[in-house]
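**Student:**
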Amino acid sequence: MRFCPRDGTLMVPQKKNNTTVLKCPKCGYEVKLTEKAREAYRQKSEVAEEKKRGVMVAEEKRIEYDKEEMEELRRQLLENLQESERESD
Ligand SMILES: [Zn+2]
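Positions 67 to 155 (the working numbering) are the ones given, in order, by the sequence shown.
1. Report the partner residues of K117 according to the DSSP bridge assignment.
2. First and last residue of the beta strand (DSSP E) that includes K92?
3. Is the beta carbon of C70 closer than 8 Å to that of K92?
4. Can you tell me the Cα-Cα spacing of K118 and D132, whole angstroms?
5. Could you tell me if the beta carbon of K98 falls within a distance shorter than 7 Å of some heavy atom in ligand 1?
6. Which residues in the same chain as R68 place their Cβ atom closer than 6 Å to its Cβ, once the five residues preceding and following it in sequence are excluded?
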């Protein structure tokens with residue numbers, strides 16, 4: 067939301083030709099709502115979405131790592147067991 071720099075009135079979006087402008091209903095001050103501004107807004111929400119996805123991927127990787135770690139631990143335990151059996155011979 068944008069406010070008029072002249073009188074601080076809330077500017078309202080209006081369609082003008084192919085573009086959207088923000089117009090002050092009080093003094094008629096207009097400012098073009100640029101593609102760039104809209105693009106920035108879009109990218110901002112996409113970044114937030116990307117972050118959310120990144121966290122999920124990290125979470126999946128952690129689970130994967132835990133599984134591998136457990137497997138490694140089990141293998142080592144088994145080896146130790148066999149080793150101690152051999153020692154007792
Ligand atoms: Zn104004």
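Built from N, CA and C at the ideal position, the CB exists for glycine as well. Keep in mind it's a predicted model, so treat the numbers as computed, not measured.
**Tutor:** Quick answer:
1. None, per the DSSP bridge assignment.
2. Judged by DSSP secondary structure, K92 falls outside any beta strand (DSSP E); it is assigned neither H nor E.
3. Result yes, Cβ atoms of K92 and C70 sit closer than 8 Å.
4. 22 Å
5. no
6. M77, L88
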